[in-house]
Amino acid sequence: MLAVVDKVHIVGMSGHELEEFVVQLGEPKYRATQLFKAVHERRLRSFDDITDLPKAFRAKLVEVADISRLAVESLYRSSDGTRRYLMKTTDGKPVETVFIPTENRDTICFSSQSGCALKCDFCLTAKLGLLGNLTAGEIVEQMIIVLNDVYGVGGETPHGTNLVGMGAGEPFLNFENLIQALRIMADEQGLFIVPNRVTISTAGIVPRIYDFANLEDRPRLAISLSAATDELRDRLMPINKRWNLHELMKSAKELQKSLKRGERFTFEYVMLGGVNDSDRDANELADLLERYALRRVKINLIPHNAAEQLNYHSSAPEHVKRFKNILESRGVSAYVRTPRGSDIYAACGQLAAKSRTSTSSAFTREENDVDAKRELTPEGVTLTNA
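For the sequence shown, the numbering used here assigns the number 201 to the initial residue and increments by one for each residue that follows.
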């Protein structure tokens, strides 16, 4: 019998790890395949529901393992069809996930951390501070919960599913758990969401960009930029004080070398009215890309999503259009992202575990604000001078 002090969260285990686990429990290896498919393909969230497993084995699993560690506290529905899920971990940390439907595809925006440590000045999530890293299982479980809510337990997804790691937190400060989760979700016996349907966003954790470039089966990458000079980026994104634009662009150039034929990566640029949206800013951005010979990139222009706690507003639509035109005249591919779910605090930069909105909920809601001021030291990377 396996000696277990803390229960194992099997949602964060690969097929191979599950094999070792069930063998230690005295079961044949093939039980691991049954268990993996039940959790990830059929998206079952209770051992009692896995009725193709022997009752005695299920009872044993209840004693030593968990199949669910996230609980939905509130669900908010936007007028545009977007859904924001406010979940809680077993130790009470908030986790937010967003479902964005369109005619041709569905997208789930997932979180990698509870809160965020990076203090980007225009982002509401920064007001939370960092509450903790999510485990690989907690990352995967977000997708299971959302898909079950939208399509029913084990229901088919008519468009397939795209994932974006652009929720709360800095994914590259939780790199190992992130990569483990992505590999689990790519397994063809489970969710089968392959890397080319996944985009991860980083604020610029340079060492991890090099690590990412060396991955064989990797998702797409989006680097949050939002300024083309160190002076402005230092103010908007304090991570720039640790790894400045020169270091960031060098890592981006290394990533460019590793791209497959026809592949590109993205720079995200949040459009802040009167701050970074002038003609000069557009030309400085084009100059920056030209200086480092970054040709296999596209720029996503993101109109800022306002909030009372933030001293910024979005660029006027005509400024966004002019900015885009200047970039394109300089040979840079540029696109404008359409905001989704801003009325329920689900849009880019708005995730702050808000438990009060004017929308109705399909789940029981608690009306107490989340006390999220505590910060933890990020694991794996030192953020001195940030």
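Glycine included, each C-beta is placed from N, C-alpha and C at the ideal position.
Check, Outcome
"Inter-residue Cα distance where the pair is I267 and A238", "10 Å"
"Secondary structure, alpha helix (DSSP H): runs of 4+ residues fully inside the region 393 to 434", "406 to 413"
"Where Q234 falls: helix, strand or coil (DSSP)", "helix"
"Proximity of G473 and V340 at Cβ, strictly below 8 Å", "no"
"Anticipated Cβ contact below 8 Å, K498 with T466, distance rounded", "5 Å"
"Beta bridge counterpart(s) of C309 as assigned by DSSP", "V298 and V364"
"Simplified DSSP assignment, three categories, for K229", "coil"
"Coil, strand or helix - Y351 by DSSP", "helix"
"H504 and Y512 closer than 8 Å at C-beta", "yes"
"Euclidean distance between Cα positions of G292 and R418", "31 Å"
"With 16 other Cβ atoms within 10 Å as the buried cut-off, status of T307", "buried"
"Inter-stretch contact at 8 Å, needing at least 3 Cβ pairs: the region 240 to 251 / the region 365 to 374", "no"
"Boundaries (first-last residue) of the alpha helix (DSSP H) holding M213", "Run containing M213: none; DSSP gives neither H nor E here."
"Presumed contact (8 Å Cβ cut-off) between R243 and L382, rounded CB distance", "The pair is not a contact, with the Cβ atoms about 17 Å apart (cut-off 8 Å)."
"Within 8 Å, strictly: CB atoms of L270 and Q380", "no"
"Residue interval of the alpha helix (DSSP H) (run including R283)", "Counting along the chain, R283 falls outside any alpha helix (DSSP H), though it belongs to the beta strand (DSSP E) covering R283 to T289."
"Stretch-stretch touch, CB-based, cutoff 8 Å, three pairs: the region 389 to 400 with the region 423 to 433", "no"
"Other residues of its chain near S458: CB distance less than 8 Å, five sequence neighbours each side excluded", "A413 and N414"
"F310 versus R245: straight-line alpha-carbon distance, rounded", "19 Å"
"Minimum C-alpha distance to A534 - residue among A516, L489, L510 and A506", "L489"
"Collapsed DSSP secondary structure at P358 in the structure displayed", "coil"
"Top-ranked residue by Cα proximity to C320, from Q224, E296 and L510", "L510"
"D266 - DSSP class collapsed to helix/strand/coil", "strand"
"Cβ neighbours of L436 in the same chain (closer than 7 Å, five flanking residues each side left out)", "C320, D321, F322, S426 and A427"
"Contact belief for M471 with S515 at Cβ below 8 Å, rounded distance in angstroms", "4 Å"
"E463 in three-state terms, based on DSSP", "coil"
"Residues bridged to R277 [DSSP beta-bridge criterion]", "R283"
"Assigned exposure category for R277 - 16 Cβ within 10 Å defines buried", "buried"
"Helix, strand or coil at M471 [DSSP, three-state]", "strand"
"For L331, the first and last residue of its enclosing beta strand (DSSP E)", "L330 to N333"
"Whether D387 touches H240 by CB criterion (8 Å)", "yes"
"Beta-carbon spacing of I526, D487 below 8 Å", "no"
"Cα-Cα separation, T482 to R496", "Sequence inspection shows Ala at residue 482; the Thr mentioned does not correspond to that position. Distance between the alpha carbons of A482 and R496: 18 Å."
"Span separating the alpha-carbon of V406 from that of L331", "22 Å"
"Burial state of L501 (16 or more Cβ within 10 Å)", "buried"
"Proximal residues to Y351 (C-beta, below 7 Å), its chain only, five neighbours per side dropped", "T357"
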